[in-house]
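Let me begin by presenting the structure, written as C-alpha cells, before commenting on it.
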Amino acid sequence: MEVKTDVVQVKDQQWKEFTLVNDNQMAVSILDFGGIITKILAPDRDGKLENVVIGFENYEDYLDNPGFFGALIGRVAGRIEKAQFEVDGKTFTLPKNEGEHHLHGGEPGFHKSIWKVVPFENNDEVGLTLTLKSEDGENGYPGNLWMTVTYTLNNDNAFTITYEGVVDHKTILTSTNHSYFNLSGNLKSDIQNHEITLDSSQFVELDEELIPTGNILEVDNTVYDFRNGRLMKDGVTSDYKQNLVANHGYDHYFIFDHSKQESAVVREKESGRQLTVITDQPGVVMYTSNNLPEGLGLRERESVQYLGLCLETQGSPASVHHEGFPSIWLDKDEKYFAKTSFIFDIID
Numbered sequence: 027m028e029v030k031t032d033v034v035q036v037k038d039q040q041w042k043e044f045t046l047v048n049d050n051q052m053a054v055s056i057l058d059f060g061g062i063i064t065k066i067l068a069p070d071r072d073g074k075l076e077n078v079v080i081g082f083e084n085y086e087d088y089l090d091n092p093g094f095f096g097a098l099i100g101r102v103a104g105r106i107e108k109a110q111f112e113v114d115g116k117t118f119t120l121p122k123n124e125g126e127h128h129l130h131g132g133e134p135g136f137h138k139s140i141w142k143v144v145p146f147e148n149n150d151e152v153g154l155t156l157t158l159k160s161e162d163g164e165n166g167y168p169g170n171l172w173m174t175v176t177y178t179l180n181n182d183n184a185f186t187i188t189y190e191g192v193v194d195h196k197t198i199l200t201s202t203n204h205s206y207f208n209l210s211g212n213l214k215s216d217i218q219n220h221e222i223t224l225d226s227s228q229f230v231e232l233d234e235e236l237i238p239t240g241n242i243l244e245v246d247n248t249v250y251d252f253r254n255g256r257l258m259k260d261g262v263t264s265d266y267k268q269n270l271v272a273n274h275g276y277d278h279y280f281i282f283d284h285s286k287q288e289s290a291v292v293r294e295k296e297s298g299r300q301l302t303v304i305t306d307q308p309g310v311v312m313y314t315s316n317n318l319p320e321g322l323g324l325r326e327r328e329s330v331q332y333l334g335l336c337l338e339t340q341g342s343p344a345s346v347h348h349e350g351f352p353s354i355w356l357d358k359d360e361k362y363f364a365k366t367s368f369i370f371d372i373i374d
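For the sequence shown, the numbering used here begins at 27 and goes up steadily by one.
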C-alpha cells in the first residue's frame with residue numbers, strides 16, 4: 027500500500043494530487059483543491075482496472091466545475107430555499123447561486139477551497155487527512171467552522187470518507203462528496219442499465235425548482251421504489267410527475283430505513299462491478315446526471331446526459347424550513363460526525 031503525490035500546475039495555482047493505492051492496485055486520486063476525487067481505478071470481473079468516476083481531462087476545468095465533479099460539498103450540500111434561514115430569530119442570508127436559491131455551500135465553498143492535506147499509511151489502510159477552517163460569515167453562514175475530512179482505502183477495496191466538524195455558533199451543516207459513479211469502466215456507456223437498490227421506503231417531494239415542498243412521499247407503487255432493485259432507466263422513461271420535475275430522472279432525497287447494513291447497492295452486469303454504500307447518514311440524494319451539460323471534456327470522452335450516478339449521503343436541507351426532516355442543525359461546540367464507505371466488489 028502506498029500514497030503517491032504529484033504536483034499539478036493550474037494557471038497561477040499549484041495543486042497537489044494524492045493517489046491512494048492498495049495491495050490490489052485499486053487506486054483513488056484526490057486533489058487538495060476541493061478535496062476532489064479525480065479518478066477511481068477499480069477492477070472488473072476479469073481483474074481489469076478502469077476508472078469508475080467522472081473526471082475532467084484538463085485539471086484547469088476544475089476551476090469552474092459546474093457539475094461539482096468529485097468535490098467535497100459544504101457547508102450545506104443541496105439547496106436552501108430562498109437562500110436564507112433563521113437562527114434564534116435572526117435571519118442569515120446566503121448567496122443565491124441557483125435562481126433564487128442557495129446551492130452546495132456557495133462560492134468558493136468546500137469544493138473550491140485549498141485543503142491542508144496530510145497523507146498516512148499503515149498495515150491495513152492508506153489515507154489522507156484534510157483540514158479547513160471556514161471563517162465566520164463565509165458565504166453568509168454563522169460561526170467559525172473547523173472541518174476535518176478523512177479519506178481511507180483498505181485492502182478490501184473499501185473507500186471510506188469521514189467528516190468531522192465543530193463550530194463556535196449555532197448553525198447548519200451537512201457535508202458530502204459529489205462523485206459521479208459509472209461502473210461500466212472508463213465511461214464506456216451511460217448509467218441507464220445500472221441496477222440500484224436503496225434501503226428506503228420514503229423520498230422527498232420536489233417542486234419545479236427542485237426545492238422540497240415539505241411533503242415526504244411513500245415509494246410504494248412508484249418508480250422510486252428501489253428496495254428490491256431497479257434499473258435507473260425506469261426513471262428516464264417514466265411519466266410520473268416527480269421524474270418529469272427532475273428532467274426525466276432522479277434528483278431526490280431518499281430517507282433510509284436503516285433496516286439493512288447496506289444503504290445502497292449498485293450493479294453493472296457487463297463489467298461485473300458492484301458498489302455497496304454503507305453510511306450512518308439518514309438519507310441520500312440520488313442524482314442521475316439528468317442535467318449534465320453535454321460536450322464537457324472528460325478524461326475518456328465528452329459528457330452526455332445520464333453519464334454518472336451521484337450518491338450524496340447527507341442530512342436534509344429541507345429541515346431548515348420544514349418539520350419532520352433529517353436535521354442539519356448544529357449547536358455551538360457540538361461535534362459533527364458523518365461516515366460513508368464505498369465498497370467495490372465483483373458480482374457473478
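Note that beta-carbon positions come from the ideal geometry of N, C-alpha and C, so glycine has one too.
Use the C-beta contact count for residue i: other C-beta atoms within 10 angstroms, 16 or more gives buried, fewer gives exposed.
i    : result
Q300 : buried
L224 : buried
P319 : exposed
G261 : buried
L129 : buried
N40  : One detail in the question is off: residue 40 reads as Gln in this sequence, not Asn. Label assigned to Q40: exposed.
I346 : Checking the displayed sequence, the identity of residue 346 turns out to be Val instead of Ile. Result: buried.
K138 : buried
L270 : exposed
E234 : exposed
D265 : exposed
State yes or no: is the C-beta of residue i nearer than 8 Å to some heavy atom of the ligand GTP?
i    : result
S329 : Absent from the structure shown: the ligand GTP. Ligands present: none.
Would you tell me roughly how many angstroms separate the C-alpha atoms of residue i and residue j, rounded to the nearest one?
i    : j    : result
L209 : H220 : 8 Å
K358 : V192 : 8 Å
I106 : N149 : 42 Å
F363 : K267 : 35 Å
T176 : W141 : 11 Å
V33  : K65  : 16 Å
K74  : A68  : 8 Å
M258 : A272 : 13 Å
V330 : I217 : 11 Å
N241 : Q307 : 20 Å
T302 : K286 : 12 Å
D49  : D90  : 34 Å
F282 : A290 : 9 Å
G309 : L322 : 30 Å
E244 : L98  : 30 Å
K37  : F280 : 40 Å
I187 : K196 : 25 Å
L158 : L179 : 21 Å
T119 : F229 : 27 Å
K108 : P134 : 19 Å
E124 : L46  : 34 Å
Which partner residues of residue i appear in the DSSP bridge assignment?
i    : result
T155 : V144, T176
E375 : What the structure shows of the chain is the stretch from 27 to 374, and residue 375 is not part of that stretch, so it cannot be assessed.
I222 : R256, V292
I66  : V54
A364 : Y189
Y206 : C336
S160 : L171
H127 : E124
H278 : M312
Assuming residue i and residue j are in contact, meaning their beta carbons sit under 8 Å apart, how far apart are those beta carbons, in whole angstroms?
i    : j    : result
V78  : F207 : 6 Å
R71  : I372 : 5 Å
R101 : L213 : Rounded, the Cβ-Cβ distance is 31 Å, inconsistent with contact.
F136 : G60  : 7 Å
N165 : D194 : Not confirmed; about 17 Å, so no contact.
G93  : I62  : Between I62 and G93 the Cβ distance is about 11 Å, and since that is not below 8 Å, they are no contact.
T200 : G341 : 4 Å
Pick out whichever of the options has its Cα sitting closest to the Cα of residue i.
i    : options                : result
P238 : E112, H127, Y250       : H127
F44  : S201, T117, F146       : F146
L337 : R293, F94, L75, S205   : S205
P343 : K361, E244, V311       : V311
K30  : K42, T176, W141, V36   : K42
A53  : D182, Q307, P352, T366 : D182
L333 : H347, Y313, S345, Q340 : Y313
Y276 : L335, V330, V292, S285 : L335
T202 : F280, Y167, T339       : T339
S297 : I99, F370, E86         : F370
E112 : I198, D265, S367, G341 : I198
T3   : K122, G166, G350, T155 : Residue coverage of the chain in this structure runs from 27 to 374, which leaves residue 3 outside it and unanswerable.
D374 : F229, T305, K361, E294 : E294
K116 : P168, Y88, F185        : P168
Q51  : S160, G132, E76        : E76
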